[in-house]
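Student:
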Amino acid sequence: MCPRGAGVRSGTQGQAQGVDIDHQEADWVSIHERICQLLIPIHTSLPFFSSEKERKHGMEQLLNRQKYIIDVAQSTAQKFILEGEPGKAIPAGLQALRFSIRVYGACSVDVVPAYLLLAEACMDAGCLMQATTYLSQAQWLILKTPACSLAVQLKLHRDLGLLYAAKGDLEQSLYHLANDIYLASCAFGPDAVQAAEGYFHMAKIFLRQNKTDVANSLFAEVTAIWHAFLLKSVQTQEQILKTQPTRLFLSGAAEAQQTEAIQALNTILDFREKAPKQQPDGTAKVLHSLAMLYYLNGDLSKAREMGAKALDLMKQLPQQESLEAVDHLLNLINSKPCYGK
Amino acid sequence: SIVSLKPLPPFSTGELQRSLLENCFSISTYLVRWRTECRLKGLKSPFLIPSCRNSYKKNICIDMLRQGYHKSFSELFTLIQKWNALREAAGPGSAIWQQESLEEQPDKLDQLYHFLTRAEAAQRAGNYEEVYNNQLNLAYCFNDSEDKWLRNYFYEQCFNTAQLIKIDGGKKEAQAHANMGLISEEQGDIMKAVEHYEAFYELTLGSTWTDETGRTYNSLACEHLWKTYTVLADKMLEDKQYQQVIKTLKKALKMAKEGGDMKMEGEAAYCLGLAYHFAGEEQAAIPVRKVAETVTHLEEFVKVAENAHLSRSLVDACILLGNLCNERGHYNEAFEYFSRAFEAANTLSSLPLVDETKTYYGIARAHKMMVAVNSHTEAADLVSMRYLLAWKESRSDVCADPLTAGEALVMKHISRLKEESSFNQFCSPSCEGHSQCLQ
């Protein structure tokens, strides 16, 4: 049985929620189940070490165990957020935060990722005040650390942008998303997929402000960036498969990025299909990109569907440059036996 | 704009200079911050990181982005990256290494911000003429020698945009071609320049477009083409591709004629004649009826060359004119030209050239004398025979009086023996040239 003493505590407020049965159950399903066994060696007191070397080794081991727990908690929280279950993500996030503070100290910038995850989960769950608190903590820590990595900074700005968008303060949101894109460009280049994510969120804000032409331009940019990236990925994939035919599908982007990309591209497709003035070349590009993305993800049926649609549209266009790329992709899809995901 | 500070007095002490510099620095930092605050005023929030913490470049970029000008941002960002890459490639010690980075020049960043955002707004609205105008303004902004690559970049952008403008009948496209031609010329890429100028010519054929001075685009096109064809021909001449040279110079002449400038035409005609001369095709060169025209143009050119002290060109032109007159039998005129060539050649320090002109001079003089000699030969009477004999023996101009010629003979014989051993005086015709012609 898991020791009750190791129940959930919310990171900064220190309220013991272990008493509430609902919370305990959520906690168990979310994260406790996974880390229960891992907690035991941490909570038992350290054995007596007779030499300095052994003490050091013992401390290192403890640290590694705690870091491992942080990793597990964070990835679990991330997974629940992606699957759209923020309620389950929050307890996991709290554990991650708790152990981050324990390992790195409350004033360290390494605690920021945990704060950001929690903020995202709270936003998805609708607890905007809570999210605000977490983000202000994160921002304070980043401000105190000028040498903080760009990747963390840009994530903060993105979350702030999304927070303000949720609150309805669109100008603030745009300001923070602009920061996000700028930092992404500095870190990864102005044509990187990280910048594309920022552009996508910005486009949605402009849509809310009824600035459709700006949104249209931004959507086109997002599509262009993903299209170029996916084309390269497919080509690399082909090269790899030639030498190692049994290798599973892999993509250059992390899983979270892929899921977001699929959502983003589907949103753009929707926008284009419903637009009063049709732009067939723009729509075709989105379809092509989606086809490639599904193919790289292993979802071959969807890939085939998108690819066929793209091909149909492209045949009606005067310039048929991308036609052979789509053709080639469809051949790849049809030649591949299903490896599944 | 930033307050410009007075220059330091020339003999200020080191300390004074240093404190002044510090003040300057703090004033300019304050002003930069003030500018950025002004730009971002209206945004009040607990989350707003103070803009004075950001660089000017960052503030401008963020400003562009939050207003939706993402293409302007992308372009600006890429240009700054390019500048930095150029600097890295050039390495320390190069001129660009000493320069201030583009991202640290607020005025230039301001200009880029202003025009790029307007161009993007126009592009979204489909107003390509406006896009072109803004890009052209940016090209003008960076006309300085240190920002030539930026200027050329924007001229290229103008060119790309101009292809999309159809409603003005191709005027902007023509302008863009002309600008690209100028840039290609500057960079030494003559083939590319020719391509652009030819397109410029095609687009302006039959149009009434004029520039600010009232000159038609088409005549400008003709002038540019004439110039570039001539330069191209020059290069081909170095490779001795005479056929190509002649073909190209013919095109140049055609352009010069269409351009309507007599001076251009004259020069073009001269170059073409020169080309034929080098190719050794003097006979097949210019059709007879054109010779008079060519001569007129060449004479005009000779005047120009004399005024401009273009001695070498003057020599060449005079030789060519002399040859032309020679062929047509106008020996007196030919003689005049060759003597002018000879005089001009003496001002240059090239002995081979002097010798060459001396030869021509001699030939011409001989030809001139031929008329008199032929007439005496045909007359075939005693007086004429005496003239001829005296002349053959004295080897000087045909004398009027055969009696004095006999006396002069003896004196001449003695002095000739003395002269033969010394250097040939340049005032007398060469003996070899003389005798060759008469045989």
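Protein chains in written order, with my numbering: chain G, 1 to 341; chain B, 1001 to 1439. Beta carbons: idealized from backbone N, C-alpha and C, even for Gly. Every value quoted in this text rests on a predicted model; they were computed, and no experiment measured them.
Spatial neighbours of G:Ile42 within its chain, please: C-beta separation below 8 Å, excluding the five flanking residues on both sides.
Tutor: Taking the first residue of the first sequence as position 1, residue 42 of chain G is located at position 42. Closer than 8 Å at Cβ, skipping near neighbours: Leu62, Arg65, Gln66, Ile69.
Student: Roughly how many angstroms lie between the CA atoms of G:Gln320 and G:Met314, to the nearest whole one?
Tutor: By 1-based counting over the first sequence, the position of residue 320 of chain G is 320. By 1-based counting over the first sequence, the position of residue 314 of chain G is 314. Cα-Cα distance, rounded: 7 Å.
Student: Step through the CB atoms of chain B and report whether any lies within less than 8 Å of the CB of G:Val214.
Tutor: For the purposes of this step, residue 214 of chain G is taken as the residue at position 214 of the first sequence. Closer than 8 Å to some Cβ of chain B, the Cβ of G:Val214 qualifies, so yes.
Student: So, is G:His288 buried or exposed, given that buried needs 16 or more other C-beta atoms within 10 angstroms?
Tutor: Mapped onto the first sequence, residue 288 of chain G falls at position 288. It is buried - the Cβ of G:His288 has at least 16 other Cβ atoms within 10 Å.
Student: Can you give the Cα-Cα distance for B:Ser1339 and B:Trp1226, rounded to whole angstroms?
Tutor: Within the second sequence, the letter at position 339 stands for residue 1339 of chain B. Within the second sequence, the letter at position 226 stands for residue 1226 of chain B. Whole-angstrom Cα-Cα distance: 32 Å.
Student: Measuring straight from C-alpha to C-alpha, what distance separates B:Arg1124 and B:Ile1190?
Tutor: In the second sequence, counting from the first residue as 1, residue 1124 of chain B sits at position 124. In the second sequence, counting from the first residue as 1, residue 1190 of chain B sits at position 190. Answer to the nearest angstrom: the Cα atoms are 36 Å apart.
Student: Mind listing which residues of the region 113-138 of chain G have their C-beta closer than 7 Å to chain B's C-betas, in chain order?
Tutor: From the region 113-138 of chain G, no residue has a Cβ closer than 7 Å to chain B.
Student: Could you give the DSSP three-state label for B:Thr1208: helix, strand or coil?
Tutor: The residue you call residue 1208 of chain B lines up with position 208 of the second sequence. Of the three classes helix, strand and coil, the one that applies to B:Thr1208 here is coil, per DSSP.
Student: Excluding five sequence neighbours on each side, which residues of the same chain lie with their C-beta closer than 6 Å to the C-beta of G:Pro3?
Tutor: The count along the first sequence starts at 1 and reaches residue 3 of chain G at position 3. Low confidence applies here, because G:Pro3 scores a pLDDT of 40, under 50, leaving its location unreliable; read the following figure in that light. Taken in chain order, the list of residues that qualify is empty.
Student: Roughly how far, in whole angstroms, is the beta-carbon of G:Phe206 from the beta-carbon of G:Ala215, given that I think they are within contact range, below 8 Å?
Tutor: One-based indexing of the first sequence puts residue 206 of chain G at position 206. One-based indexing of the first sequence puts residue 215 of chain G at position 215. Indeed, because the Cβ distance is near 4 Å, the residues count as touching under 8 Å.
Student: Reducing DSSP to helix, strand and coil, say where G:Thr145 ends up.
Tutor: Residue mapping note: residue 145 of chain G aligns to position 145 of the first sequence, counting from 1. Three-state DSSP puts G:Thr145 in coil, outside helix and strand.
Student: Assign B:Val1371 to one of two classes, buried (16 or more other C-beta atoms within 10 Å of its C-beta) or exposed (fewer than that).
Tutor: Within the second sequence, residue 1371 of chain B is the residue found at index 371, counting from 1. Counting Cβ neighbours within 10 Å, B:Val1371 comes out exposed, since fewer than 16 surround it.
Student: Could you tell me how far apart the beta carbons of G:Ile101 and G:Val109 are, in whole angstroms, since I believe they sit closer than 8 Å?
Tutor: Translated into the one-based positions of the first sequence, residue 101 of chain G becomes position 101. Translated into the one-based positions of the first sequence, residue 109 of chain G becomes position 109. That belief does not hold up - the Cβ atoms of G:Ile101 and G:Val109 are roughly 12 Å apart, past 8 Å.
Student: Can you tell me whether DSSP reads B:Thr1216 as helix, strand or coil?
Tutor: For this step, residue 1216 of chain B is matched to residue 216 along the second sequence. Strand.
Student: Return helix, strand or coil for B:Glu1419, following the three-state DSSP convention.
Tutor: Taking the second sequence and counting its residues from 1, the one referred to as residue 1419 of chain B is at position 419. The answer is helix: DSSP assigns B:Glu1419 an H, G or I state.
Student: Using CA coordinates, which residue listed in B:Leu1203, B:Asn1160, B:Asn1218 is at the minimum distance from B:Gly1260?
Tutor: Residue 1260 of chain B sits at position 260 when you count from the first residue of the second sequence. Ranking B:Leu1203, B:Asn1160, B:Asn1218 by Cα distance to B:Gly1260 puts B:Asn1218 first.
Student: Output, in chain order, the set of chain G residues within a Cβ distance shorter than 8 Å of B:His1070.
Tutor: Translated into the one-based positions of the second sequence, residue 1070 of chain B becomes position 70. Chain G residues near B:His1070: Ile181, Tyr199, Met202, Ser217, Leu218, Glu221.
Student: What are the boundary residues of the alpha helix (DSSP H) that G:His32 is part of?
Tutor: Walking along the first sequence from the start, residue 32 of chain G turns up at place 32. Here G:His32 belongs to no alpha helix (DSSP H), and DSSP marks it neither H nor E.
Student: Cutting at 7 Å between CB atoms, please list the residues of its own chain near G:Asp124, excluding the five before and the five after it.
Tutor: Taking the first residue of the first sequence as 1, we reach residue 124 of chain G at position 124. Contacts found: Ile81, Pro86.
Student: Along chain G, which residues have their Cβ under 9 Å away from the Cβ of B:Ile1062?
Tutor: Here the question's residue 1062 of chain B lines up with position 62 in the second sequence. In chain order: Tyr175, Ala178, Asn179, Ile181, Tyr182.
Student: Any beta carbon of chain B sitting closer than 8 Å to that of G:Pro91?
Tutor: Within the first sequence, residue 91 of chain G is the residue found at index 91, counting from 1. No, because no Cβ of chain B sits closer than 8 Å to the Cβ of G:Pro91.
Student: Please report whether the beta-carbon of B:Ser1045 lies at a distance below 8 Å from any beta-carbon of chain G.
Tutor: Counting from 1 along the second sequence, the entry for residue 1045 of chain B is found at position 45. With a pLDDT of 45 at B:Ser1045, under the threshold of 50, the predicted position of this residue should be treated as unreliable, and no value is reported.
Student: Report buried or exposed for B:Trp1440, applying the criterion of at least 16 other Cβ atoms within 10 angstroms of its Cβ.
Tutor: Here chain B comprises residues numbered 1001 to 1439, so residue 1440 of chain B is not present and cannot be evaluated.
Student: For B:Leu1348, does the three-state DSSP call read helix, strand or coil?
Tutor: Residue numbering aside, residue 1348 of chain B sits at position 348 when the second sequence is read from its first letter. Here B:Leu1348 sits in coil by DSSP.
Student: So, is the C-beta of B:Leu1065 closer than 8 Å to a C-beta in chain G?
Tutor: Here residue 1065 of chain B refers to the residue found at position 65 of the second sequence. Chain G, which has a Cβ nearer than 8 Å to the Cβ of B:Leu1065, makes this yes.
Student: Please identify, using Cβ separations under 7 Å, the residues of the region 1209-1243 of chain B that lie next to chain G, in order along the chain.
Tutor: Listed by position, the residues of the region 1209-1243 of chain B near chain G (Cβ gap below 7 Å) amount to none.
Student: Between G:Phe229 and chain B, is there a C-beta pair that is closer than 8 Å?
Tutor: Here residue 229 of chain G refers to the residue found at position 229 when the first sequence is read from its first residue. No - not a single Cβ of chain B is within 8 Å of the one on G:Phe229.
Student: Does any residue of chain B have a CB that is nearer than 8 Å to the CB of G:Lys211?
Tutor: Counting from one through the first sequence, the residue named residue 211 of chain G turns up at place 211. With 8 Å as the cut-off, G:Lys211 counts as an interface residue toward chain B.
Student: Within the same chain, show all residues whose beta-carbon is closer than 7 Å to that of B:Tyr1337, passing over the 5 residues directly before and after it, in chain order.
Tutor: Residue numbering aside, residue 1337 of chain B sits at position 337 when the second sequence is read from its first letter. Cβ neighbours of B:Tyr1337 beyond the five flanking positions: Cys1318, Leu1321, Gly1322, Cys1325.
Student: Is it buried or exposed for B:Gly1362, if we count other Cβ within 10 angstroms and need 16 for buried?
Tutor: Numbered from 1 along the second sequence, position 362 holds the residue referred to as residue 1362 of chain B. B:Gly1362 comes out buried.
Student: Of the choices B:Ala1085, B:Cys1061, B:Trp1083, B:Asn1084, whose alpha-carbon is the least far from that of B:Ser1074?
Tutor: Position 74 of the second sequence, counted from the start, is the residue given in the question as residue 1074 of chain B. Closest by alpha carbon: B:Cys1061.
Student: By a C-beta neighbour count over all protein chains shown, 10 Å radius and 16 as the cutoff for buried, is B:Met1262 buried or exposed?
Tutor: Taking the first residue of the second sequence as position 1, residue 1262 of chain B is located at position 262. Exposed, because fewer than 16 other Cβ atoms sit within 10 Å of the Cβ of B:Met1262.
Student: Do you know how far the Cα of B:Leu1249 is from the Cα of B:Thr1230?
Tutor: Taking the first residue of the second sequence as 1, we reach residue 1230 of chain B at position 230. Taking the first residue of the second sequence as 1, we reach residue 1249 of chain B at position 249. Distance between the alpha carbons of B:Thr1230 and B:Leu1249 is about 6 Å.
Student: To the nearest angstrom, how far is it from the Cα of B:Lys1251 to the Cα of B:Ala1341?
Tutor: Stepping through the second sequence from its first residue, residue 1251 of chain B is reached at position 251. Stepping through the second sequence from its first residue, residue 1341 of chain B is reached at position 341. Their backbone Cα atoms lie some 29 Å apart in a straight line.
Student: Mind listing which residues of the region 1120-1153 of chain B have their C-beta closer than 7 Å to chain G's C-betas, in chain order?
Tutor: Of all residues in the region 1120-1153 of chain B, Arg1124 have a Cβ within less than 7 Å of some Cβ in chain G.
Student: At 4 residues or longer, what runs of the alpha helix (DSSP H) sit wholly inside the region 238-294 of chain G?
Tutor: Here the runs fully enclosed are 255-274.
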